[in-house]
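Engineer: Please read through the structure below; I'll follow up with questions.
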Amino acid sequence: SESEGSDYSPNKKKKKKLKEKKEKKPKRKKKDEEEDDNEDGGLKEPKSSAQLMEEWGLDDVDYVFSEEDYHTLTNYKAFSQFLRPLIAKKNPKIPMSKMMTVLGAKWREFSANNPFKGSSAAAAAAAVAAAVETVAIAPPLAASPPQSALPTVIRKAKTKEGKGPGVRKKIKGSKDGKKKGKGKKMAGLKFRFGGIPNKRKKSSSVSVHCLFLHRALGLRVFEEGDGYETDHQDYCEVCQQGGEIILCDTCPRAYHLVCLDPELEKAPEGKWSCPHCEKEGIQWEPKEEEDEEEEGAEEEEDDHMEFCRVCKDGGELLCCDTCPSSYHLHCLNPPLPEIPNGEWLCPRCTCPPLKGKVQRILHWTWKEPPAPLPSVLPLPDAELAVPPPKALEGIPEREFFVKWAGLSYWHCSWVKELQLELYHTVMYRNYQRKNDMDEPPAFDYGSGDEDSQREKRKNKDPQYAKMEERFYRYGIKPEWMMIHRILNHSFDKKGDIHYLIKWKDLPYDQCTWEIDDIDIPYYENLKQLYWNHRELMLGEDTRPPKKLNKKGKKLKEEKLEKPPETPIVDPTVKFDKQPWYIDATGGTLHPYQLEGLNWLRFSWAQGTDTILADEMGLGKTVQTIVFLYSLYKEGHSKGPYLVSAPLSTIINWEREFEMWAPDFYVVTYTGDKESRSVIRENEFSFEDNAIRSGKKVFRMKKEAQIKFHVLLTSYELITIDQAVLGSIEWACLVVDEAHRLKNNQSKFFRVLNSYKIDYKLLLTGTPLQNNLEELFHLLNFLTPERFNNLEGFLEEFADISKEDQIKKLHDLLGPHMLRRLKADVFKNMPAKTELIVRVELSQMQKKYYKFILTRNFEALNSKGGGNQVSLLNIMMDLKKCCNHPYLFPVAAVEAPVLPNGSYDGNSLVKSSGKLMLLQKMLKKLRDGGHRVLIFSQMTKMLDLLEDFLEYEGYKYERIDGGITGGLRQEAIDRFNGTRFSPPLTSVRVGTGRVQQTAGGRSMSQDLVCQQVTRCPASLFPWSAVEGQAAG
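In my numbering, the protein residues as written are 3 to 1033.
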């Protein structure tokens, strides 16, 4: 018996593998489309083979069948074996499904053109052709007579019954709960058709037409073409022929209905065993495990979500045809009144892509809900009294105002929340986590103006009102939309010109390319300045575009003047009044500043490197800039000039250059690697290949034309980017705060000494800070040929207190150093008044003061000398107590706090004697119109002073180590432009030009200031800057 070696035996039926079934299932979308075409709509007119080939872009086979072919090709198998190689030769990559469809159409045409149509062979051929084509391209069709043409039924979108997110799918092999609530199922009978495709021993083409019959009867049909695998034989056990055969459920045998004894008229229901198994006594036993596996396989076929994507709940769900998403009808926006017809795509699949990469989310707001969809119209015969259903309204959606990567703030736009969620998931979730998503954030006006000033400006300037409505109220500063300068240009394939623009107050890595005709204020003027600068540096080789020539006729008068080729003024001649190029700036030099200019010009003419050591506040920066500008305008030197300064003062240098040297092209070489890379590629030279691009620093070509006149940079970048900066020949070097060079072993000293420099100028307010060795290193950096013996220098000036040695040192330094004091320059400057006010401690301060002393009694009473460190700690605690007890963590925890996190103002003032006095003083100073500077050595004390000023209602600015660069300069500008605004300043912060007019007051909130830190703090506001005396 063949069944002895088979897997089919009592209680051993071979299981179908779910994985194989899942891999071989057809795609849902294709299946639905075919069902839409064929469901309940009757049979359509089949397409010819030529139409199919043309539709799929395949090459047809031109072959004329002879009479002999009609005699020999009597069945589909023979026809297929003959024609398939011809089609495959013309179309090597044709899919198997299309090959079967084309063969079926060819066989149908072949049988229709057969001159022997009346024969049984021709009839069988037609049946096989129809069956093959149906198996290859279509799902089961309803058996309906072709005479009755029923109307086409519109397919509804796919729905399912969801179970919610907490329900797990059944796991294969799990037996728990399988028998609950289930009756004994009668499985459908298995049929197989041996007349179709692969792995057959024998085949027949006669009974294939029964395929349609089985589908109409609703029986389970298994077709090898669709990937069904079985060990059953594909021919009848009795007659050894194929066709309509029924499969035994307990062995691999198969039989025709007519070959059974007794002959069966119709297929039996349920499971069936063949005569051989009945004779052997083999019976089929139902197994619910198989039913569960089959049921699990069907469940696996539907990979849609079991819950709504919006509300995360189950129920009746509408499934997307292209992704696993499922939705309730009422959860869509706007809600759907009914299940839509045909294919339905979810909002995620129909969401349009973003136009670029989002760099930053600026703001969000609620958008108006979408318009509701029209409700289903009532039928014509419906009662008129029934009102039409109300349209379902949508809900508001969020929209986000975003900044695009690679585009300027002029291109900021609104995007939908779904777009952001799909294409920038991480950014969207981070923004959700950090912000309140129920209420839109308050408007953050980037202009920084007060409400009253902003309203006045909006009323006067309609353009400003438009810009504020569109940009400024979302945190965009007006400066970010103003052009600083144009760096480069390029042409696209159409010949249109684009410009690389550097925006104000933004780093170089935020530069963007803009088209020529974008509407930006002063764009035309800056384009003309760009081309003027190219013409100035490169000569007549570069010409602006023709469009710009027409637009820029009015700007021709603003062309930059070329410096003279030869010197026109003798640098040794002393100026009695300031030269014409300084008058053109609108500024006026003090007499001592003009004297400093004359001394610098004379030293340059003599080739003597110099140190400008004026006291702080006498305008060393202005004298230096005017000196460099005089070399350029008088034809002595065209640059380039290198200025190295502390990073905190770079912005002030930029402003002074803009004021006193308007014809200079100044480049600020600071920022991160990306910003510096942009500067090197676009600001160092006009040539594209002057420096190799990239974050790594390379040398600059010797023959490359330098683009700038002055390069501003920090101390750190002098050493970090030595490769490119050291490859340029500098006409002059300026080092601000030159005491950084007091140690010849420092890297900054050694690297800067290796640069190619024609002239050196050092700026310092304290040339002799500690000892003569530091002064010697400054002189050694200037002229190493003359000052190269440190030991001899120190030995020569060992006793500096003697008059002869002082005179000798003055004579030695005279050609190299110029130093003036404010007392010598400003005879009429009001005297600085310093008043120390002793303040009574508050009750809380007294309590902590006593506690500190008693806790450290042993250390204070010790007579030994090894407790110096502990005594310093005690002194620091006492200083904190005298400033404010909230500086101690214990007191800060017990202090009353407002809902916004700041300390209660009344308790804050009463806890410190200093704040009680300051409260009274500030009221009188405000009434007198004075401005106040408040210094402190402790940044935590500045935090307490902020809460105090907020409680008192004063406007203030804070400058400490955390406020750097542009933010610090903006705070200084706001203070200089207000009548009363006390800035809180840390004495260890080198602030910029805070101008105190006569009658100003500065206060120190610390008990004891060391002399080193106290002097800059007290002298800083008592200075004269750019002609303004301060007191």
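We put the CB at the ideal spot given by N, CA and C, even for glycine.
Quick check on S729: does DSSP put it in helix, strand or coil?
Structural biologist: The sequence position of residue 729 within the sequence shown is 727, counting from 1. S729: coil per DSSP, three-state reduction.
Engineer: Suppose only complete runs of 3+ residues qualify. What are the beta strand (DSSP E) ranges in the segment 342 to 371, listed by chain order?
Structural biologist: Taking only runs of at least 3 residues, the beta strand (DSSP E) segments lying wholly in the segment 342 to 371 are 360 to 369.
Engineer: CB-CB under 6 Å to K744, same chain, minus the five flanking residues each way: which ones, in chain order?
Structural biologist: What you label residue 744 is simply residue 742 of the sequence shown in a count that begins at 1. Excluding positions up to five away in sequence, the list reads E776, H779.
Engineer: Go ahead and label R840 buried or exposed: buried means 16 or more other beta carbons lie within 10 angstroms of its beta carbon, across all protein chains shown.
Structural biologist: One-based indexing of the sequence shown puts residue 840 at position 838. The residue is exposed, with fewer than 16 neighbouring Cβ atoms inside 10 Å.
Engineer: Would you mind reading off the limits of the beta strand (DSSP E) that contains C279?
Structural biologist: Start at 1 with the first residue of the sequence shown, and residue 279 comes out as number 277. That residue, C279, is in no beta strand (DSSP E); its alpha helix (DSSP H) goes 277 to 282.
Engineer: Going by alpha carbons, who is nearest to M102 out of K829, H234, M55?
Structural biologist: Position 100 of the sequence shown, counting from 1, holds the residue named residue 102. Among K829, H234, M55, the Cα nearest to that of M102 belongs to M55.
Engineer: On the three-state DSSP scale, how would you describe M469?
Structural biologist: Counting from 1 along the sequence shown, the entry for residue 469 is found at position 467. Of the three classes helix, strand and coil, the one that applies to M469 here is helix, per DSSP.
Engineer: Based on DSSP bridge pairs, tell me the residues matched to A256.
Structural biologist: Sequence index remark: in the sequence shown, residue 256 carries index 254 (1-based). In DSSP, A256 forms a bridge with L249.
Engineer: Closest to V753 by C-alpha separation, out of L781, D723, P769, P565, would be which residue?
Structural biologist: Position 751 of the sequence shown holds residue 753. Checking every option, the nearest Cα to that of V753 belongs to D723.
Engineer: Between the C-alpha atoms of E441 and G477, what's the straight-line distance to the nearest angstrom?
Structural biologist: For the purposes of this step, residue 441 is identified with residue 439 of the sequence shown, where counting begins at 1. For the purposes of this step, residue 477 is identified with residue 475 of the sequence shown, where counting begins at 1. Distance between the alpha carbons of E441 and G477 is about 17 Å.
Engineer: Just reading off the beta strand (DSSP E) that W505 is part of, what are its end residues?
Structural biologist: On the sequence shown, position 503 is the one that residue 505 refers to. Run containing W505: 499 to 505, per the beta strand (DSSP E) assignment.
Engineer: Short check: CB of Q421 to CB of C322, under 8 Å?
Structural biologist: Indexing the sequence shown from 1 puts residue 421 at position 419. Indexing the sequence shown from 1 puts residue 322 at position 320. Contact flag unset, no.
Engineer: Label L620 either buried or exposed according to how many other C-beta atoms from any shown protein chain fall within 10 Å of its C-beta, with 16 as the threshold for buried.
Structural biologist: Your numbering for residue 620 matches position 618 in the sequence shown. Flag for L620 reads buried.
Engineer: Identify the continuous alpha helix (DSSP H) that holds E793 and give its terminal residues.
Structural biologist: By 1-based counting over the sequence shown, the position of residue 793 is 791. Start and end: 792 to 798.
Engineer: How would you call H711, buried or exposed, if buried means at least 16 neighbouring beta carbons within 10 angstroms?
Structural biologist: Here the question's residue 711 lines up with position 709 in the sequence shown. That one is buried.
Engineer: Look up Y490 in the DSSP assignment and give the residues it is bridged to.
Structural biologist: As a first step, residue 490 is located in the sequence shown; it is residue number 488 there, counting from the start. The displayed chain sequence assigns Asn, not Tyr, to residue 490. The partner list for N490 (beta bridge, DSSP) reads L502.
Engineer: Determine contact between the segment 691 to 698 and the segment 609 to 625, defined as no fewer than three beta-carbon pairs at a distance below 8 Å.
Structural biologist: Contact fails: fewer than three Cβ-Cβ distances are below 8 Å.
Engineer: With DSSP as the reference, please indicate the residues paired to S113 in a beta bridge.
Structural biologist: Position 111 of the sequence shown, counting from 1, holds the residue named residue 113. Partner(s): none; S113 has no beta bridge.
Engineer: Taking all protein chains shown into account, do 16 or more other C-beta atoms lie within 10 angstroms of the C-beta of V137, making it buried, or fewer, making it exposed?
Structural biologist: Within the sequence shown, residue 137 is the residue found at index 135, counting from 1. Confidence in V137 is poor, its pLDDT being 44 and thus under 50, which makes the residue's placement too unreliable to answer from.
Engineer: Using the Cβ count rule (16 or more neighbours within 10 Å means buried), how would you classify D611?
Structural biologist: The residue labelled residue 611 in the question sits at position 609 within the sequence shown. Buried, by the Cβ-count rule.
Engineer: Take every Cβ of the segment 664 to 675, pair it with every Cβ of the segment 712 to 719, and state whether three or more of those distances are shorter than 8 Å.
Structural biologist: Yes: at least three Cβ pairs fall under 8 Å.
Engineer: Is it buried or exposed, K281, if we count other Cβ atoms within 10 angstroms and call 16 or more buried?
Structural biologist: Within the sequence shown, residue 281 is the residue found at index 279, counting from 1. So K281 counts as exposed.
Engineer: Looking at the structure shown, is C734 part of a helix, part of a strand, or coil, going by DSSP?
Structural biologist: As a first step, residue 734 must be located in the sequence shown, where it is residue number 732. C734 falls in the strand class under three-state DSSP.
Engineer: With a threshold of 16 other CB atoms inside 10 Å of the CB of T367, please say whether the residue is buried or exposed.
Structural biologist: If you number the sequence shown from 1, residue 367 lands on position 365. The residue in question, T367, is exposed, as its Cβ has fewer than 16 Cβ neighbours within 10 Å.
Engineer: Pull up the DSSP beta-bridge partners for Y1038, would you.
Structural biologist: Past the boundaries of the shown model lies residue 1038; the chain is included only from 3 to 1033, so the question cannot be answered.
Engineer: By the DSSP assignment, the beta strand (DSSP E) with K810 in it spans what residues?
Structural biologist: Working through the sequence shown from its first residue, we reach residue 810 at position 808. Looking at the DSSP string, K810 is not in any beta strand (DSSP E); the run it does join, the alpha helix (DSSP H), is 805 to 815.
Engineer: Residues in the same chain with beta-carbon distance under 7 Å from P28, minus the five sequence neighbours each way, listed in chain order, please.
Structural biologist: As a first step, residue 28 is located in the sequence shown; it is residue number 26 there, counting from the start. The predicted model places P28 with a pLDDT of 44, which falls under 50 and marks its position as unreliable, so this point remains unresolved.
Engineer: I need the straight-line Cα distance from I397 to D521, nearest angstrom please.
Structural biologist: If you number the sequence shown from 1, residue 397 lands on position 395. If you number the sequence shown from 1, residue 521 lands on position 519. Each residue's alpha carbon lies about 37 Å from the other.
Engineer: Thinking G767 and E597 are a contact (beta carbons under 8 Å), I'd like their distance in whole angstroms, please.
Structural biologist: To locate residue 767, count along the sequence shown from 1; it is residue 765. To locate residue 597, count along the sequence shown from 1; it is residue 595. Incorrect: roughly 18 Å between the Cβ atoms, too far for contact.
Engineer: Give the single residue among F686, T941, T76 whose Cα lies nearest to the Cα of H886.
Structural biologist: Within the sequence shown, numbered from 1, the residue matching residue 886 stands at position 884. Measuring from the Cα of H886, the nearest candidate turns out to be T941.
Engineer: Would E395 and K418 be called neighbours here (beta carbons separated by less than 8 Å)?
Structural biologist: As a first step, residue 395 must be located in the sequence shown, where it is residue number 393. As a first step, residue 418 must be located in the sequence shown, where it is residue number 416. No; because the gap between Cβ atoms is not below 8 Å, this pair is not in contact.
Engineer: Which value, in whole angstroms, describes the spacing of the CA atoms of I876 and N858?
Structural biologist: Along the sequence shown, read from residue 1 onward, the residue named residue 876 stands at position 874. Along the sequence shown, read from residue 1 onward, the residue named residue 858 stands at position 856. If you take the alpha carbons of I876 and N858, they lie about 8 Å apart.
Engineer: For E483 versus W416, is the C-beta spacing smaller than 8 Å?
Structural biologist: Residue 483 sits at position 481 when you count from the first residue of the sequence shown. Residue 416 sits at position 414 when you count from the first residue of the sequence shown. Checking the displayed sequence, the identity of residue 483 turns out to be Met instead of Glu. Contact flag unset, no.
Engineer: Is the separation between the beta-carbon of L364 and that of K405 shorter than 8 Å?
Structural biologist: The residue labelled residue 364 in the question sits at position 362 within the sequence shown. The residue labelled residue 405 in the question sits at position 403 within the sequence shown. In this structure, K405 lies closer than 8 Å to L364 by Cβ.
Engineer: Going by DSSP in three states, M918 sits in which element: helix, strand or coil?
Structural biologist: Translated into positions along the sequence shown, residue 918 becomes position 916. Correct three-state label for M918: helix.
Engineer: Checking the sheet assignment: what are the DSSP bridge partners for K418?
Structural biologist: Mapped onto the sequence shown, residue 418 falls at position 416. Beta-bridge pairing links K418 to E401.
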